[in-house]
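One structure is given here, and the rest of the page talks about it.
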Amino acid sequence: MSKKKGIIHLHAEDRELNGGVLTLNGEKVSHFGTCGYLSLEHHPALKQGAIDAIMRYGTQFPMSRTYVSNPLYRELEALIEQMYQAPVVISKNCTLAHQTTIPAIIRQTDLVILDHQAHASMQEAVKKLLGQGVSVEMIRHNNLEMLEDRLIKQRNKYERIWYMADGVYSMYGDYAPVKELIALAEKYEQLYLYIDDAHGMSWAGKHGTGYVMSQLEGKLYRKMVLTANLGKAFGACGGLSLFPNQEWRDKVSNSGGPLTFSVQIEPATLGAAIASARIHLSNEIYSYQQELQERITYFNELLRATSLPLVHENNSPIFFIGTGTMEMGNYLVQQLLQEGVYVNLATFPAVPAKNIGIRITLSLGNSFEDIALLVRKLQHHFALALQVTGQTEENIRKAFKMPPAIVSPVPTAAKPAATTLQLKRYTTIATIAEADWNQYLGHRAMFDWKGMQFLERSFSNNKEPENNHDFRYYVVEDSAGKVVLMTFACTALCKEDMFSQVSVSREIEKERELNPYYLTSKGIVLGSLFTEGSHLYLDRSSDSWKPALRLLLEELFSEQEKQQAATILLRDFDAADQEMHEFMVDQGFVKVDLPESCEIAGLAGQAEDAYVAGLSQKSRRHYVQKIKRYQPFYEVKVKSNLTTAELAHAYQLFQQVKEHNLGINNFLFPEKLFAEINESPDWEFILLYLKEEQNTSSKAVAVCFCHINEAKVYSPMLIGMDYAYLMEYGVYRQALFQIINRANTLSCPKINFGISASLEKKRIGAAVYPKVGYYQAKDNFTMELMEATFLIERE
14 MSKKKGIIHL HAEDRELNGG VLTLNGEKVS HFGTCGYLSL EHHPALKQGA IDAIMRYGTQ
74 FPMSRTYVSN PLYRELEALI EQMYQAPVVI SKNCTLAHQT TIPAIIRQTD LVILDHQAHA
134 SMQEAVKKLL GQGVSVEMIR HNNLEMLEDR LIKQRNKYER IWYMADGVYS MYGDYAPVKE
194 LIALAEKYEQ LYLYIDDAHG MSWAGKHGTG YVMSQLEGKL YRKMVLTANL GKAFGACGGL
254 SLFPNQEWRD KVSNSGGPLT FSVQIEPATL GAAIASARIH LSNEIYSYQQ ELQERITYFN
314 ELLRATSLPL VHENNSPIFF IGTGTMEMGN YLVQQLLQEG VYVNLATFPA VPAKNIGIRI
374 TLSLGNSFED IALLVRKLQH HFALALQVTG QTEENIRKAF KMPPAIVSPV PTAAKPAATT
434 LQLKRYTTIA TIAEADWNQY LGHRAMFDWK GMQFLERSFS NNKEPENNHD FRYYVVEDSA
494 GKVVLMTFAC TALCKEDMFS QVSVSREIEK ERELNPYYLT SKGIVLGSLF TEGSHLYLDR
554 SSDSWKPALR LLLEELFSEQ EKQQAATILL RDFDAADQEM HEFMVDQGFV KVDLPESCEI
614 AGLAGQAEDA YVAGLSQKSR RHYVQKIKRY QPFYEVKVKS NLTTAELAHA YQLFQQVKEH
674 NLGINNFLFP EKLFAEINES PDWEFILLYL KEEQNTSSKA VAVCFCHINE AKVYSPMLIG
734 MDYAYLMEYG VYRQALFQII NRANTLSCPK INFGISASLE KKRIGAAVYP KVGYYQAKDN
794 FTMELMEATF LIERE
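The opening residue of the sequence shown carries number 14 in our numbering; numbering runs sequentially from there.
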């Protein structure tokens, strides 16, 4: 969406650059998006150093450093070691520096703990350790209390525990608590530090060695590996890995993978880096640092006179103004660009989905007049953006956990007209007319009006907290009383790995054997944790559908605050609906791929042979080989209710399925739910028994729990199976086909087969529909767990 709006993936059109101005879309704009904080890339000495190096050594030195290094490397390394007073390895860039250093120094006996805002290049390098058996965890940003808790619990299990973080964080411009980390490392001998100070280089520290070194009194800490950047403020390109001892340096230099196969830094870049290093070793660097600090101080003073939500105020050249949603962020960046100001849009995953904003970076290329103009335009267009997008400063500050503004902005535009839509909120289905509910939603699946009564009974007054769900019903009407939107949601305790990889859930479940509520939090889910299908009625023919959906989202955000819910999950949207996707992303939601939805429509009450005849040739062959051949072994019964013993056995079979299937990892449903199913006239049971010659037990080997709604839609909501017979007798496939036979017998026009096992369902004639959800968490620590590749810890 941002690309379509013309604010990312742009091309500068200048014939010359000076660091303070860009030409974009044919117009000159002030440049507040550079990471060249000291503008050294335009320094005459660096340019001349690059030219001289090309003239002496050509445009490249095309061979691995394992064999021979360009002569300029030795000179550059000597200058860098003079700056840092520490051994160094130089890589082509910071990403390769991490990929070179991290696998070389971290061992299988070590534990890695990542700050969850650590730069993506570091996280990617860490992921490669997983295949080597290295344990990896993650903690909340700058949370030393959480770090110490992990140290106490894990220090006896690992030889070294590496904490990895940024010195200066690239989005918010905030710092790692370096001195506190050193104190912690002195307290716990197992703690080692790996810090990336790419954004702290040059503008801070003695000889421009960076923010981290400025906190270390000029000497690298004995248990720290520091990485830094020859690009950005340094003015050239390359990654530095600095070590507290020669042994680590030699190990990385000799065995660091990318050093053996990646190309060398080009001679021109080495020449520029040498020239920059000489500047850093002179007093000239301090005048540049001072000039930048004067601009930073001036910008901070101007921002204090506004109510703009500056997320962190400090003396770094990186500033972040929160907008909350992508929609407002896109609008604000667009308007500033049209007004001659370029800033960066910061989006997920670089920042949390509800913490979108604009990143502003200062450099020596920005004049004081440019900075003053930026603040005036920013204040003006921020106020307009709030009104145009329906955002509020209060909501933005809440999203970033900021205090209320002291100064109120001056209104610069008329307030938008009041909406003609009305949102009605209910706490029980009993307050909504049965005919109305079934007209808009109830005909779709098991959540018809009576089905909702069933759910309210089943998920209330249970002893387990996870089995008490708080239902809310929402109806949005226009001025004529016409329904534009209708839906329901529940607030419940959720497993944060509900849609994670099975391998992740399996590891987390081991922890839950001792701590049942490990990695769980309260969430708001569209529909419920039990139901499947499309839970949102939205009149897309209405011009008011987007405002109606915004009203719903505002209400959900309000509910999130009241309930202190960590997440909101809006589910079961059509994966091909690009318009909806763009709308949801603008509102600050992230798309999550959900399991495909399966259904069989157009049933005509056929006998089994007639139904099979309508299948594809491939499906008919599957039926003959995998289903028909096993049918003689089975006796099938349909019951409206079960005896106490039968129900207990059915529940036990369901538990087996739950234990084996972690594809959608949620809590075990309460026994009360199954008792309600047994008593409800809208439910029935399909039971499969193996005949005596196959199974001497008289108990069912499969039970399907099936709902029939007012529109005669047949929904097999749950299944229980005896895994002792699953593979030998094709229990699951047999159960699926018996569901089809039963729906045909009842002349049901449609079967909702739900999610998971879509291949098996497709083989027997089900249509498969890709579905997505839209997810928003209070911070991206929780967000990352949705698609986690390794175990993440939390408070």
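Glycine included, every Cβ here is placed at the ideal spot set by N, Cα and C.
For residue i, three-class secondary structure by DSSP
i: Trp696; result: strand
i: Gly32; result: coil
i: Lys725; result: coil
i: Ala812; result: Because the chain is modelled from 14 through 808, residue 812 falls outside the range shown and cannot be assessed.
i: Lys41; result: strand
i: Cys48; result: coil
i: Thr580; result: strand
i: Leu23; result: coil
i: Pro100; result: coil
i: Asn296; result: coil
i: Asp187; result: coil
i: Glu612; result: strand
i: Ser134; result: helix
i: Thr310; result: helix
i: Ser534; result: strand
i: Ala790; result: strand
i: Glu765; result: Before going further, note that residue 765 is Asn rather than Glu in the sequence given. If DSSP states are grouped into helix, strand and coil, Asn765 belongs with the strands.
i: Pro75; result: coil
i: Ile1; result: Nothing can be reported for residue 1, as the shown portion of the chain is limited to 14 through 808.
i: Asn495; result: What sits at residue 495 in the sequence shown is Lys, not Asn. In the structure shown, Lys495 sits in coil (DSSP, three-state: anything other than H, G, I, E or B).
i: Phe361; result: coil
i: Asp585; result: strand
Rounded straight-line distance, which links the Cα of residue j to that of residue i
i: Asp556; j: Leu375; result: 43 Å
i: Ala663; j: Val670; result: 11 Å
i: Asp483; j: Gln392; result: 41 Å
i: Ala117; j: Asp735; result: 48 Å
i: Glu697; j: Leu660; result: 12 Å
i: Gln576; j: Ser534; result: 11 Å
i: Phe682; j: Gly180; result: 46 Å
i: Lys704; j: Thr504; result: 44 Å
i: Leu89; j: Ile103; result: 9 Å
i: Thr113; j: Ser329; result: 28 Å
i: Leu387; j: Tyr299; result: 26 Å
i: Glu193; j: Gly601; result: 34 Å
i: Lys842; j: Phe596; result: Residue 842 falls outside the range modelled here, since the chain spans only 14 to 808, and no answer is possible.
Closer than 8 Å to chain C by CB, residue i
i: Trp261; result: Among the protein chains of the structure shown there is no chain C, as only one such chain exists.
Counted within 10 angstroms of its Cβ, other Cβ atoms place residue i as buried (16 or more) or exposed
i: Gln591; result: exposed
i: Ala620; result: exposed
i: Ile278; result: buried
i: Met237; result: buried
i: Arg28; result: exposed
i: His44; result: buried
i: Arg262; result: buried
i: Pro280; result: buried
i: Pro75; result: exposed
i: Ile64; result: exposed
i: His56; result: buried
i: His24; result: exposed
i: Tyr530; result: exposed
i: Asn296; result: exposed
i: Ser518; result: buried
i: Val538; result: buried
i: Asp187; result: buried
i: Leu532; result: buried
i: His22; result: exposed
i: Met68; result: exposed
With a floor of 3 residues, list each beta strand (DSSP E) that falls wholly inside the region 200 to 274, ordered by position along the chain. Qualifying beta strand (DSSP E) stretches, in chain order: 204 to 209, 237 to 242, 252 to 255.
Would you check if there are 3 or more beta carbon pairs closer than 8 Å linking the region 330 to 344 to the region 395 to 413? The region 330 to 344 vs the region 395 to 413: in contact.
So, does the region 758 to 767 touch the region 701 to 711, judging by three or more C-beta pairs under 8 Å? Too few Cβ pairs lie closer than 8 Å, so no.
Three Cβ pairs or more, each shorter than 8 Å: is that satisfied between the region 451 to 461 and the region 714 to 723? Touching, yes, given that three or more Cβ pairs across the two stretches are closer than 8 Å.
Segment contact, 8 Å Cβ cut-off, at least three pairs: the region 153 to 170 with the region 105 to 115: By the Cβ criterion, the region 153 to 170 is not in contact with the region 105 to 115, since fewer than three pairs of Cβ atoms, one from each stretch, lie closer than 8 Å.
Assess contact between the region 168 to 185 and the region 201 to 212, defined as three or more Cβ pairs (one per stretch) separated by less than 8 Å. Is contact present? The region 201 to 212 and the region 168 to 185 touch, with three or more beta-carbon pairs separated by less than 8 Å.
Three or more C-beta pairs under 8 Å: does that hold for the region 506 to 526 against the region 564 to 572? Between the region 506 to 526 and the region 564 to 572, the count of Cβ pairs shorter than 8 Å is below three; the stretches do not touch.
Could you say if the region 94 to 102 and the region 265 to 272 meet the contact criterion of at least three C-beta pairs nearer than 8 Å? Judged by Cβ distances under 8 Å, the region 94 to 102 makes contact with the region 265 to 272, as three or more pairs qualify.
Between the region 301 to 308 and the region 393 to 400, do three or more beta carbon pairs fall short of 8 Å? Cβ pair count under 8 Å is below three, so no.
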